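In what follows, a structure is listed as structure tokens, so that the remarks can point back to it.
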RNA sequence: GCGGACGUGGUGGAACCGGUAGACACACGAGACUUAAAAUCUCGAGACGGCAACGUCGUGCGGGUUCGAGUCCCGCCGUCCGCACCA
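Residue numbers (this note's numbering): 36 to 906.
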């Protein structure tokens, strides 16, 4: 009998409606073991892309699996809906960011629903909704009250033509992306969150996150950047110093190299540089140049090292007779340490590059192990490791650590003025989190500036501070700033006319607590303490590696901060118990003969392998096949999920996204890959139909003995069950997929030769197969479940338990090696003793031959795996 | 520049704690079915030599530890990612 093709798009709609009707993906009442599965919520950019499909499929498989395992699962979805693109779109289309954003949400929600995700849509939130951001404003006020939010002056990229602040990504080669004007560094008073108050704790607690990738923990640890060093105050030579400044404080982690010092350097924004620049136009110009370099560290450190001698001389703290020049240098950051360094060129590559450029002395002070003091010199490569002190007077002969201690001790005792010259200091690279954005489409910062009362918080009862709907987006700059009336309010304290804060919050604030809001999205408090206590932490968080530092660190901080402000239990510190970072979806790129990017649908292919070539369909001209890159709009190497789902169905797209590539690695989207997945969907359907013809009715108990073939099939099915369960649990979806292929192969081989005498084993194996792929291809699984004679929803069925008795075989195949080289294999009883295994191995003809008459010296037996005969 | 990751057949990848390298899939080749194509099914396949049995080599490169190394150690090479206002 011919079996009809499985019509995925049509059946998928049916099953989605069935799930909706039964409301089975709603989180249950807060009782019993729970599992909170969360994928990073999307930015509503317009349409979903394959990256979303991959991310949400992984989370969905895990959530469905955990639900089948009996957990009370919370699997919500929302929208990271504030941000710059909406404002850009508004500017370009002369519309409103809200209109653009909500239209996108609508589209994308429909797309996500077509994927058949097991999501509790009742909990949907959008961060741009006043219902969400009013709570965020309350959280802000509570942090302000606790001293964790404050204002200070900080540098921004300023576009002098557009009169707007630019993000780093909007600065291209030092120029504004839109205006092309040279970007300036400007000081602006901005809002900050005091994340540095938690530096130590955030670093310490990384040790407890054993379900996070090691890589992410390391990245965060480096980002926090704890170092132990010494802050050293250098007296300035009065004859050379600007008036009123008589010392310079530097921070160093290497006080041991102090005798190798050859100059000091300060940042262009250091007060000493500014003071010196007042009387030196050339220096002022140099400082200005440094400021133009951009704020990103990568720019600074890859730029050529440059400096300017201020003419100021500093006195060495360990030798009053020794004077060193003070430079302004472009590689010194005001934000780190004290904004000033002492340089030891032999021990630091940047210092060495700088010293060579300006002809400053290079004195080696650390002798690497194994080098000879008489011959060791530092030429083009600085040595920053440990070793023995040389050229360092009384430190000579000490090791690096002892020298550090000795210098620290001396400088702690020495006095400059009335205070010690040196002071031990733990320093962090981590800086406070600047949350001010001079933009419209973000959460308004709920404070009012009053001429007489200063910064006055908006009263909690007056929240939310709503964004005005009638802002204009026809020109650059902050629409809130130029709005005719919005910012004019009366001071809540004295009632006099005052001005609203026009900065909005960084969108990272929105995403720093959304996972907590999901636990009680309709609560009157921002975070419902009871719901948070039950649901948090998130048991499995899944998202892109690009969020490894900022989003995840900010969330770890923000959750602690608001918990300390009373919004959640102080014992609950970490929001995400387990983290998984998935790889990107990549695709080949194509260019026309003229060099324009082409969509995959714009080209057709000829030939294959090395001779494969592409032709632009529209022109018939040859096209260029480029490298495989992350799918992006700019390179047009996109595949539209809608088209794939419409053609192959959601299950097929999901299956392909889980196949082959390990989830943490990039996956390459290919036509062959998706069509192979499509073939498998049909194959499953055929196999299940064929099985359904041959098996006893649903729900009957086992007929008992299955016979050797039936028993072998049962073993295969239960082994797969054991493996698939563990691989889903460990998020090794590609391996689980391979095991399901294997079981399908076994089952279909059995079906082709079955004599109808072990139908019950076939039913069992088929049901197990269907239940196992159900989290991955849920619609197809429901269809198969029905075909197997059930009228219940498979999504409600529990995960089956593997029979331990079927997981081990009576006999095993072990490899036989002679002198470490595999020569043969043999099948032997699983319980065979060491002696029996040895004897069996020595009887093998291949072993005798490989020994070539040599004496057997020893035999290594690894039970059930290998025998190694050494002779 | 600093920090991190990765490197296995023609391709994506598998390989538990150091124990049969290449599971599974793609692409490919041969065959069956078909008027034909598609679909489907069967078989083959790391490289080299050999009719074959089999042998030699083989996890980026060079060393080391071990009875045994894709896996551990040391030194290189290559590719990719992040770097604080993109989300």
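Yeah, the Cβ is synthetic: ideal placement off N, Cα and C, and Gly gets one too. Note that this is a predicted model, so its numbers are computed, not measured.
Local Cβ density within 10 Å of residue i, reported as buried at 16 or more and exposed below that
i           : result
residue 432 : exposed
residue 798 : buried
residue 429 : exposed
residue 900 : exposed
residue 42  : exposed
residue 848 : exposed
residue 470 : buried
residue 36  : With a pLDDT of only 46 at residue 36, under 50, the local geometry of the prediction cannot be trusted, and the value read off the model is given with reservation. With fewer than 16 other Cβ atoms within 10 Å, it is exposed.
residue 425 : buried
residue 630 : exposed
residue 295 : buried
residue 597 : buried
residue 177 : buried
residue 345 : buried
residue 774 : buried
residue 529 : exposed
residue 490 : exposed
residue 359 : buried
residue 496 : exposed
residue 155 : buried
Nearest-angstrom Cβ-Cβ length linking residue i and residue j, presumed shorter than 8 Å
i           : j           : result
residue 318 : residue 312 : 5 Å
residue 382 : residue 302 : So it is not a contact: roughly 20 Å between Cβ atoms.
residue 548 : residue 109 : At roughly 16 Å, the Cβ-Cβ gap does not stay under 8 Å, so residue 548 and residue 109 are not in contact.
residue 828 : residue 53  : 6 Å
residue 298 : residue 395 : 5 Å
residue 891 : residue 883 : Going by Cβ atoms, the distance from residue 891 to residue 883 rounds to 10 Å, so no, they are not a contact pair.
residue 307 : residue 445 : With a Cβ gap of about 25 Å, residue 307 and residue 445 do not count as contacting.
residue 628 : residue 657 : 6 Å
residue 493 : residue 376 : Contact flag wrong, Cβ pair sits at about 43 Å.
residue 649 : residue 660 : 5 Å
residue 772 : residue 694 : 5 Å
residue 608 : residue 184 : Contact doesn't hold; Cβ gap of about 20 Å is too wide.
residue 568 : residue 604 : 6 Å
Residue i vs residue j beta-carbon contact at 8 Å
i           : j           : result
residue 350 : residue 275 : no
residue 833 : residue 763 : no
residue 113 : residue 161 : yes
residue 475 : residue 79  : no
residue 463 : residue 231 : yes
residue 520 : residue 578 : no
residue 902 : residue 843 : no
residue 233 : residue 595 : yes
residue 748 : residue 722 : no
residue 480 : residue 212 : no
residue 621 : residue 701 : yes
residue 50  : residue 228 : no
residue 457 : residue 447 : yes
residue 237 : residue 614 : no
residue 472 : residue 541 : yes
residue 199 : residue 477 : no
residue 157 : residue 63  : no
residue 580 : residue 258 : no
residue 753 : residue 816 : no
residue 582 : residue 143 : no
residue 681 : residue 44  : yes
For the segment 395–403 against the segment 364–377, do three or more pairs of beta-carbon atoms, one drawn from each stretch, fall closer than 8 Å, so that the two count as touching? no
Between the segment 669–688 and the segment 85–94, are three or more C-beta pairs nearer than 8 Å? yes
Of all the beta strand (DSSP E) runs that stay within the bounds of the segment 635–664, which reach a length of 3 or more residues? 638–641 and 648–651
Considering only residues of the segment 783–831, which uninterrupted alpha helix (DSSP H) runs meet the minimum length of 4 residues and lie entirely inside it, listed in chain order? 794–808 and 813–822
Any contact of the segment 183–194 with the segment 207–227, i.e. 3+ C-beta pairs under 8 Å? yes
Which complete alpha helix (DSSP H) runs does the segment 487–558 hold, if anything under 4 residues is left out? 514–517, 542–545 and 549–552
Taking only runs of the beta strand (DSSP E) that begin and end inside the segment 662–728, which ones reach a length of at least 3 residues, in chain order? none
Three or more C-beta pairs closer than 8 Å, one from the segment 546–563 and one from the segment 510–521: is that the case here? no
With three or more C-beta pairs closer than 8 Å as the rule, is the segment 146–160 touching the segment 92–112? yes
Which whole runs of the beta strand (DSSP E) in the segment 585–640 are 3 residues long or more, in chain order? 614–617 and 620–626
As an exercise, report each continuous beta strand (DSSP E) stretch of at least 3 residues that is fully enclosed by the segment 369–446, in chain order. 375–378
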